[in-house]
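Peer 1:
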Amino acid sequence: MIADLEGMSSISRWEICFPAHAEYSEALAAYRAEVDAVAEAARAWGLGAVRILDWHQRLLPLDLFPEVMTPDELLLEQRPRVAVLLGFHARAGQRDAFASRTLMPGLQLFWEDREAGELALASRWLGELGIPLLLVTGDRGLTSEAEEWTDQTATVTVKRALAPDRAESLPLERAHRAIADALQRVLARRSWWWVYRPSSPIQVRLELPDGSRSFCKASSMQELFELLFQLAGSFGRFGLPLVNQRR
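In my numbering, the protein residues as written are 2 to 248.
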């Protein structure tokens, strides 16, 4: 699982996603519950191991998330792998979306002149590693975005935005059952397992928080992540796989 907090089904207020908030521990408990729903469905289908990689490299407590892994471990793993993008949020500027942004406030990303977000980055990173994407979950803004960037992959909408920082979620049990059912349907049909390989070379344009514009050309997703960090890192801290592991 490549997971993010904002798109989890029971996260209805953006402010609780920040570690300094008094309810952050409750947000992590919701994260854990969503992970469990996926893990149980995967194990019931016979998958040998289930691991979590937090997309933004959050410091997840190991007593709550013993199966957490680092980008290095993902790269070194030799067994066959499949992936779920769990709890992602929509890109900056996406309409009717909860907690929408791309890496940090004020940053917009265009991939070959198409608006893109973290869903595009994560799916193409998995594709470069040859890992099939089975399922994408998040709010309605995110699953609408998925129709553009991961259109061959099943989605589960677990909530809808009421405002940029507020959402209305499905009842928890219903959301978890929908995720588990969708995953098991996809596991049963290999023709639905899709690998989203990035274009070569990778060309993106950044609209930066100060109003300036930068262009990136990279030969790999790893190189792109490094360039994004160099160009945008001065505006604030954000986590990306393959970047924080080196710093």
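By construction, the Cβ of each residue, glycine as well, lies at the ideal position given by its N, Cα and C atoms.
All values derive from a computational prediction rather than experimental measurement.
Answer with buried or exposed for residue 46, where buried requires no fewer than 16 other C-beta atoms within 10 angstroms of its C-beta.
Peer 2: Position 45 of the sequence shown, counted from the start, is the residue given in the question as residue 46. Residue 46 comes out exposed.
Peer 1: Would you give the residue range spanned by the beta strand (DSSP E) that residue 10 belongs to?
Peer 2: The residue labelled residue 10 in the question sits at position 9 within the sequence shown. Residue 10 -> no beta strand (DSSP E), and no H or E assigned at all.
Peer 1: Do residue 56 and residue 4 have their CB atoms nearer than 8 Å?
Peer 2: Here the question's residue 56 lines up with position 55 in the sequence shown. Here the question's residue 4 lines up with position 3 in the sequence shown. For residue 56 and residue 4, yes; Cβs fall inside 8 Å.
Peer 1: Is the separation between the beta-carbon of residue 10 and that of residue 170 shorter than 8 Å?
Peer 2: For the purposes of this step, residue 10 is taken as the residue at position 9 of the sequence shown. For the purposes of this step, residue 170 is taken as the residue at position 169 of the sequence shown. Contact flag set, yes.
Peer 1: Report the CB separation of residue 52 from residue 68 in whole angstroms; it is logged as a contact under 8 Å.
Peer 2: By one-based count along the sequence shown, residue 52 stands at place 51. By one-based count along the sequence shown, residue 68 stands at place 67. Contact flag correct, Cβ pair sits at about 5 Å.
Peer 1: So if DSSP puts residue 105 in a beta bridge, which residue, or which two residues, is it bridged to?
Peer 2: Taking the first residue of the sequence shown as 1, we reach residue 105 at position 104. Paired residues: 103.
Peer 1: Give the straight-line distance between the Cα atoms of residue 130 and residue 124, rounded to the nearest whole angstrom.
Peer 2: If you number the sequence shown from 1, residue 130 lands on position 129. If you number the sequence shown from 1, residue 124 lands on position 123. Rounded to the nearest angstrom, the two C-alpha atoms are 10 Å apart.
Peer 1: Consult DSSP for residue 151 and reduce its assignment to one of helix, strand or coil.
Peer 2: On the sequence shown, residue 151 is found 150 positions in, with the first residue counted as 1. Reduced to three states, the DSSP call for residue 151 is coil.
Peer 1: Closest to residue 201 by C-alpha separation, out of 217, 241 and 31, would be which residue?
Peer 2: Position 200 of the sequence shown, counted from the first residue, corresponds to residue 201. Closest option to residue 201, Cα to Cα, is 217.
Peer 1: Under the assumption that residue 136 contacts residue 43 (Cβ atoms under 8 Å), give the Cβ distance between them as a whole number of angstroms.
Peer 2: Numbered from 1 along the sequence shown, position 135 holds the residue referred to as residue 136. Numbered from 1 along the sequence shown, position 42 holds the residue referred to as residue 43. Not a contact, Cβ separation roughly 10 Å.
Peer 1: From the DSSP output, which residues share a beta bridge with residue 116?
Peer 2: Position 115 of the sequence shown, counted from the start, is the residue given in the question as residue 116. Answer is 111, bridged to residue 116.
Peer 1: At which residue ranges does the stretch 148-232 contain complete beta strand (DSSP E) runs of 3 or more residues, listed in the order of the chain?
Peer 2: The stretch 148-232 contains these whole beta strand (DSSP E) runs: 155-164, 167-170, 203-208 and 214-219.
Peer 1: Please name the residue, chosen from 2, 110 and 17, that lies closest to residue 213 on a Cα-to-Cα basis.
Peer 2: The sequence position of residue 213 within the sequence shown is 212, counting from 1. Selected option, being the one with the closest Cα: 110.
Peer 1: Just the Cα atoms here: how many angstroms apart are residue 248 and residue 73?
Peer 2: Within the sequence shown, residue 248 is the residue found at index 247, counting from 1. Within the sequence shown, residue 73 is the residue found at index 72, counting from 1. Model confidence at residue 248 stands at a pLDDT of 41, short of 50, so the residue's coordinates are unreliable; what they give is reported in the following sentence. Cα to Cα, residue 248 sits roughly 13 Å from residue 73.
Peer 1: Throw me the rounded Cβ distance for the residue 182 and residue 100 pair, which I believe falls under 8 Å.
Peer 2: Taking the sequence shown and counting its residues from 1, one reaches residue 182 at position 181. Taking the sequence shown and counting its residues from 1, one reaches residue 100 at position 99. Residue 182 to residue 100, Cβ: 25 Å. No contact.
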